[in-house]
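Read through the structure below, which is laid out as structure tokens, and then see the notes.
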Amino acid sequence: MRSTDSEIVGYLRVVQILDSLPALVGYVDLDLRIVYANKLIEEWYQRPLSELVGMQLKTLFSAEHYQTVETLLRQVLDGTEVNEEREIQYPDGETRQVNLNYIPDRSNGQVLGYFFLVQDVTERNRAQEALRAINTDLDRRIGDATGELAHRNQELSKENRAREESEERYRIVSELMSDLIYVYDVDASGEMRLIWHTGRLSQEFGPGINASDFRFWRPITHKDDLHILDQRIKTLLSNKSSIDEFRVIDAAGNIRWLRIYGRPQFDRALERVTRITVAAQDITEAREAQDALDQQRTRLHHALNSMSDGFMLFDAEHRLVEFNQQVVQMFPQSGQAIEKGQTFRDIIVRSVSTGEVISNEVAPERWIEERLSSFPNIDQVQDIELSGGRWIRSTDRETVDGGVVSIRTDITDGKRSEAQRQKNEAELAHVLRRASMGEMASALAHELSQPLAVIVNYANGLLRRLDTDQHSPADLTTVLAQIRDAGERSKEIISHVRDFVSRRQPPSQKESLQEIVQDVNQLLHSLINQHNVRTEMRFPDGGAEVLVSRIEIEQVVFNLLKNSIDSFALSGTESPLIQVFVNPINNRFYEVLVKDNGPGIDHSIVDDIFKPYVTNKLTGLGMGLSISQTIIEGHGGRLSLVDTDEPGCCFRFTLLRFQHE
Amino acid sequence: MNDSPHCVHIIDDDDSVRASTRFLVESVDLVGMEYASADAFLEAYSDRGPGCIILDLRMPGLSGLEALDVMRQQSILEPIIIITGHGDVPVAVRALKQGVFDFLEKPCNDNILIETINQAINFDLSERKAREKRQSIHAALGSLTPREEEVLNLLITGKSNRQVAEHFSLSSKTIERHRSSIMRKLDASSFAQLVRIAALRIE
Numbered sequence: 001m002r003s004t005d006s007e008i009v010g011y012l013r014v015v016q017i018l019d020s021l022p023a024l025v026g027y028v029d030l031d032l033r034i035v036y037a038n039k040l041i042e043e044w045y046q047r048p049l050s051e052l053v054g055m056q057l058k059t060l061f062s063a064e065h066y067q068t069v070e071t072l073l074r075q076v077l078d079g080t081e082v083n084e085e086r087e088i089q090y091p092d093g094e095t096r097q098v099n100l101n102y103i104p105d106r107s108n109g110q111v112l113g114y115f116f117l118v119q120d121v122t123e124r125n126r127a128q129e130a131l132r133a134i135n136t137d138l139d140r141r142i143g144d145a146t147g148e149l150a151h152r153n154q155e156l157s158k159e160n161r162a163r164e165e166s167e168e169r170y171r172i173v174s175e176l177m178s179d180l181i182y183v184y185d186v187d188a189s190g191e192m193r194l195i196w197h198t199g200r201l202s203q204e205f206g207p208g209i210n211a212s213d214f215r216f217w218r219p220i221t222h223k224d225d226l227h228i229l230d231q232r233i234k235t236l237l238s239n240k241s242s243i244d245e246f247r248v249i250d251a252a253g254n255i256r257w258l259r260i261y262g263r264p265q266f267d268r269a270l271e272r273v274t275r276i277t278v279a280a281q282d283i284t285e286a287r288e289a290q291d292a293l294d295q296q297r298t299r300l301h302h303a304l305n306s307m308s309d310g311f312m313l314f315d316a317e318h319r320l321v322e323f324n325q326q327v328v329q330m331f332p333q334s335g336q337a338i339e340k341g342q343t344f345r346d347i348i349v350r351s352v353s354t355g356e357v358i359s360n361e362v363a364p365e366r367w368i369e370e371r372l373s374s375f376p377n378i379d380q381v382q383d384i385e386l387s388g389g390r391w392i393r394s395t396d397r398e399t400v401d402g403g404v405v406s407i408r409t410d411i412t413d414g415k416r417s418e419a420q421r422q423k424n425e426a427e428l429a430h431v432l433r434r435a436s437m438g439e440m441a442s443a444l445a446h447e448l449s450q451p452l453a454v455i456v457n458y459a460n461g462l463l464r465r466l467d468t469d470q471h472s473p474a475d476l477t478t479v480l481a482q483i484r485d486a487g488e489r490s491k492e493i494i495s496h497v498r499d500f501v502s503r504r505q506p507p508s509q510k511e512s513l514q515e516i517v518q519d520v521n522q523l524l525h526s527l528i529n530q531h532n533v534r535t536e537m538r539f540p541d542g543g544a545e546v547l548v549s550r551i552e553i554e555q556v557v558f559n560l561l562k563n564s565i566d567s568f569a570l571s572g573t574e575s576p577l578i579q580v581f582v583n584p585i586n587n588r589f590y591e592v593l594v595k596d597n598g599p600g601i602d603h604s605i606v607d608d609i610f611k612p613y614v615t616n617k618l619t620g621l622g623m624g625l626s627i628s629q630t631i632i633e634g635h636g637g638r639l640s641l642v643d644t645d646e647p648g649c650c651f652r653f654t655l656l657r658f659q660h661e
Numbered sequence: 001m002n003d004s005p006h007c008v009h010i011i012d013d014d015d016s017v018r019a020s021t022r023f024l025v026e027s028v029d030l031v032g033m034e035y036a037s038a039d040a041f042l043e044a045y046s047d048r049g050p051g052c053i054i055l056d057l058r059m060p061g062l063s064g065l066e067a068l069d070v071m072r073q074q075s076i077l078e079p080i081i082i083i084t085g086h087g088d089v090p091v092a093v094r095a096l097k098q099g100v101f102d103f104l105e106k107p108c109n110d111n112i113l114i115e116t117i118n119q120a121i122n123f124d125l126s127e128r129k130a131r132e133k134r135q136s137i138h139a140a141l142g143s144l145t146p147r148e149e150e151v152l153n154l155l156i157t158g159k160s161n162r163q164v165a166e167h168f169s170l171s172s173k174t175i176e177r178h179r180s181s182i183m184r185k186l187d188a189s190s191f192a193q194l195v196r197i198a199a200l201r202i203e
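Here the protein sequences line up with chains A and B, keeping their order.
Those letters in the first sequence? Residues 1 to 661, per our numbering, in order.
Those letters in the second sequence? Residues 1 to 203, per our numbering, in order.
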């Protein structure tokens, strides 16, 4: 095999490089004879290269070493690369760490020998070991530093706490400066010793307080409150703050209320309470005021709870301010949840959603909305049916400050005898109607007297002329025509009377309030003229349609107008005036106001005017207003006397609007 | 009393009632005058000799009771018959207190109405006569001389001629002469009559 110069140069350079490596590098053939070894191997084995080349490994290696690598040699000659670290005994007897790397030399699938590279990794491993040690050391140091930091933090927060505590103490002290502050030391046996005190209380309570006794207040404490003091010392010694209120008797013999703030100081080292700071405050006045208030509240509660009706007071925002137990009992399912501060809506929604209140024909949501939109319902009572078969009547009144008093009355018994009641009421209404019919009939009779007088006068006049032969055919014609006219007029009036009388039990139907008022006005026409009464009427555009029994409402209007006219006659009112105003008040009701400028209602009977047999008049049964109220309430409205500053009186009644649906 | 037609003033706001009342009263030889209101009456009134007034209390304008006051103030002296609806008792009482002649409820029986009207007219006739007489006496009293008046004043206190003569330091004869002159002027036939006439002066 011939080598060129350049190949030789390249070979030499490789040898140079290999010789300079800090590793054992060489080539071994299949017979395990050394083919090449670098400089380090020469140094390692202390033999020249010439001697090494061709030498059997078995010869070169010690028997021990050969044994350890024999399996590796077989492995690499089988064609598997070996790369592992081993501890080997050096010829100088030193044990070193080496990295063995045997690379098989293959040619055409056959292994011809192997290259080996053995590196001493002892130093490297040592460096790594050192680094690990340093790291560990560093970790430890960091750990230490962190611990220190945590420790310092802890210290800091302890300081903070202490500062907070002292601030709290300071706050209490400054709050109570005007009263009394004192401090006890506590020794290991739990003995307490007063070390200082200040403030005016000691002066005020005088010789009763013995400053050397830790039972500072005991001699002057109200006997019923002594147990509070005992409990208090236990609490403080177990390292808990305490606030206590108790009664003492001062030098003048008066009972005073004290509030005492106690704060123990705990010594962690000694693990016990070592000091107790106490601040005492005279709260007699506050306490008395509180007691008075409590008493008043209790009294109010007793009063409210002793009512047979349920009571709820709402503020202007319809929030519940006060209520009594009767409300809770009336609504056994939803009542328990009633609390102050809830809105009317909360309460209604709950009573419906629990199924306690039955909304009947309408959907529950609709029922709730209607209930809320008509709250407070000043004009009408509302009867509510409960699932338990009971009936509750709701009545609302407005308070002066815009709140609402809502009363609940159990009307179950009333409802149960509904049939009987209705029957009685119908009978009563019949009797009352006949009574007021009498009044109306007398007004009609008066109307009728006019044309009758005409007829009688003409007829008699004519008879007299016939007797004395004074008559002429012209007279006859004129007179008979006059008599006929008067007769026609009578017929009209009588047909009106029939209208009034024949409708005995008229059903409610759509009627115009305007027509009703004007009809009654017409009926009273001559009475109104006689007293020179001026009338003023005002109706909403489109008439005011209501669902009523016409004859009954006519009676009410008749009674009210007649009362006004009678009061004018009685008092001789100057320029008497009656005003009738009909106004819509919401989408459900019209109100009718009947005002006059007469003498008004006598104060002595103003509260009783709606009762039967109470009257302002010299003549009269005192039934008119009573009947009228029965009629209006039977229609679902209310009739009331309106309080006005103007002279005269003003009645107001409400009627359900006719609903177009 | 049928000598000349007496006048009935009818005050009523109802046209047909008023006309029929007039028809009725004119059938018994009376004259009816119609007024639609008290105001209209007060404006149109003139004295038509003996008669009476029929007043319906139910009327607009000046109320019936006020009308009574005004009539008296204006020296309308015919007796007044009030006609009213039933049962107005308080008003009736007040009207009677104000001196109305009578008070009838409507509708009233024609006989009673005419009878009442006749009574009222008779009353008015005698009232008018009495008034005339009072007026003539007042005129006669006015014709007495001052001395005659003085003498009369003493005589009606019951003093004799002699006492009166002494009082004025005159002779009894002179007083006697005054006395016959007074009797003649006052048309008194006796001393008793003289006293009665003199009493009218005081009214």
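Positions of the beta carbon are idealized from the N, C-alpha and C atoms, including for glycine.
Residue i burial status per 10 Å Cβ neighbour count (16 or more: buried)
i, result
"Pro473 (chain A)", "exposed"
"Phe116 (chain A)", "buried"
"Gly262 (chain A)", "buried"
"Glu81 (chain A)", "exposed"
"Val17 (chain B)", "buried"
"Glu398 (chain A)", "exposed"
"Thr468 (chain A)", "exposed"
"Phe266 (chain A)", "exposed"
"Tyr35 (chain B)", "buried"
"Gly32 (chain B)", "buried"
"Pro264 (chain A)", "buried"
"Asp396 (chain A)", "buried"
C-beta contact flag for residue i and residue j at 8 Å
i, j, result
"Ala37 (chain A)", "Leu21 (chain A)", "no"
"Ile260 (chain A)", "Asp244 (chain A)", "yes"
"Ile680 (chain A)", "Ser387 (chain A)", "There is simply no residue 680 (chain A) to check, as chain A begins at 1 and stops at 661 in what is shown."
"Gly113 (chain A)", "Asp29 (chain A)", "yes"
"Val246 (chain A)", "Thr221 (chain A)", "The question names Val, but residue 246 (chain A) is Phe in the sequence shown. Their beta carbons are under 8 Å apart, which means Phe246 (chain A) touches Thr221 (chain A) by this criterion."
"Cys52 (chain B)", "Ile117 (chain B)", "yes"
"Gln380 (chain A)", "Arg638 (chain A)", "yes"
"Val582 (chain A)", "Val592 (chain A)", "yes"
Partners in chain A for residue i, counting only beta-carbon separations shorter than 7 Å
i, result
"Thr21 (chain B)", "Asn457"
"Ser37 (chain B)", "Those do not exist, as Ser37 (chain B) stays about 11 Å from chain A at its closest Cβ, beyond 7 Å."
Chain-ordered neighbours of residue i on chain B, where CB pairs are closer than 7 Å
i, result
"Leu524 (chain A)", "Under the 7 Å cutoff, chain B gives no residues; its nearest Cβ is about 12 Å from Leu524 (chain A)."
"Arg484 (chain A)", "Simply none; closest approach about 11 Å."
"Arg465 (chain A)", "Ser27"
"Leu452 (chain A)", "Pro107"
Close-in-space but distant-in-sequence residues of the same chain around residue i (CB under 7 Å, 5 per side omitted)
i, result
"Asp315 (chain A)", "Val321, Gly403"
"Asp410 (chain A)", "Met330, Arg390, Ile392"
"Asp485 (chain A)", "none"
"Gly636 (chain A)", "Gln380, Leu656"
Chain-ordered neighbours of residue i on chain A, where CB pairs are closer than 9 Å
i, result
"Leu57 (chain B)", "Gln530"
Neighbourhood of residue i by C-beta, 8 Å cutoff - its chain only, sequence neighbours within 5 removed
i, result
"Gln709 (chain A)", "Only positions 1 to 661 of chain A appear in the structure, and residue 709 (chain A) is not among them; the question remains open."
"Phe589 (chain A)", "Asp379, Gln380, Gly637, Thr654, Leu655, Leu656, Arg657"
"Glu339 (chain A)", "Leu320"
Chain-ordered chain A contacts of residue i [CB-CB under 8 Å]
i, result
"Val8 (chain B)", "Correct list: empty, because the minimum Cβ distance to chain A is about 13 Å."
Cutoff 6 Å; reference residue i; Cβ partners in own chain excluding five residues on either side
i, result
"Leu176 (chain A)", "Only weak support is given to the placement of Leu176 (chain A): the predicted model assigns it a pLDDT of 49, under 50, and the value that follows is read from those uncertain coordinates. Closer than 6 Å at Cβ, skipping near neighbours: Ala279, Gln281."
"Gly54 (chain A)", "Arg33"
"Thr573 (chain A)", "Gly598"
Can at least three beta-carbon pairs, one atom from the segment 403-416 of chain A and one from the segment 308-315 of chain A, be found at a separation below 8 Å?
Two segments are said to touch when three or more pairs of C-beta atoms, one from each, lie closer than 8 Å; by this definition the segment 403-416 of chain A touches the segment 308-315 of chain A.
Touching or not, the segment 457-469 of chain A and the segment 16-30 of chain B, by the rule of three or more beta carbon pairs under 8 Å?
yes
Validate contact between the segment 483-497 of chain A and the segment 562-579 of chain A using beta carbons, cut 8 Å, 3 pairs
no
Is it true that the segment 568-576 of chain A meets the segment 590-605 of chain A, where meeting means three or more beta-carbon pairs spaced less than 8 Å apart?
Three or more beta-carbon pairs separated by less than 8 Å link the segment 568-576 of chain A to the segment 590-605 of chain A, which places the two stretches in contact.
Between the segment 128-137 of chain A and the segment 88-107 of chain A, do three or more beta carbon pairs fall short of 8 Å?
no
I'd like to know if the segment 633-649 of chain A and the segment 96-104 of chain B are in contact, where contact means that at least 3 CB-CB pairs between them fall below 8 Å.
no
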